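Here's the structure we're looking at; comments come further down.
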Amino acid sequence: MSATVNADLFSKYFGNAPAIHILGFTFLAAELFLEDVLEKTRCNIKSEFANFHGNPKRRNRQQDSKTDKIV
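Residue numbering for the sequence shown follows full-length UniProt numbering, beginning at 1 and increasing consecutively.
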């Protein structure tokens, strides 16, 4: 994969817009996936919810509100 663009095609797409040419180098771009990078770097991301048990007071209120609506 390359990080360059086809200048003629780009210009034609925009109604033959003028283009300038600047000398330089092309740089290769690689497509990486997060899972592969994490594996290669041995990075272990712990979920922010791994130790989440919830708020017991809130759970009780939610359960109470369900039973209060029964008429």
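Think of the CB as a built atom: it goes at the ideal place given N, C-alpha and C, for glycine as much as any other residue. Predicted, not measured: the structure shown is a model, and the values here were computed from it.
With DSSP as the reference, label residue i as helix, strand or coil.
{"i": "Leu-28", "result": "strand"}
{"i": "Ala-19", "result": "coil"}
{"i": "Phe-33", "result": "coil"}
{"i": "Ser-11", "result": "helix"}
Near residue i, which residues of its chain fall below 6 Å by C-beta distance, leaving aside the five closest residues on each side in sequence?
{"i": "Leu-38", "result": "none"}
{"i": "Glu-48", "result": "none"}
Verify whether the separation of the beta carbon atoms of residue i and residue j is less than 8 Å.
{"i": "Ala-29", "j": "Ala-19", "result": "no"}
{"i": "Thr-4", "j": "Thr-26", "result": "yes"}
Which residues in the same chain have their Cβ closer than 8 Å to the Cβ of residue i, if we skip the five residues on either side of it in sequence?
{"i": "His-21", "result": "Ala-7"}
{"i": "Asn-44", "result": "Leu-38"}
Apart from the five residues just before and just after residue i, which ones in its own chain have a Cβ nearer than 7 Å to its Cβ?
{"i": "Ala-17", "result": "Ser-11"}
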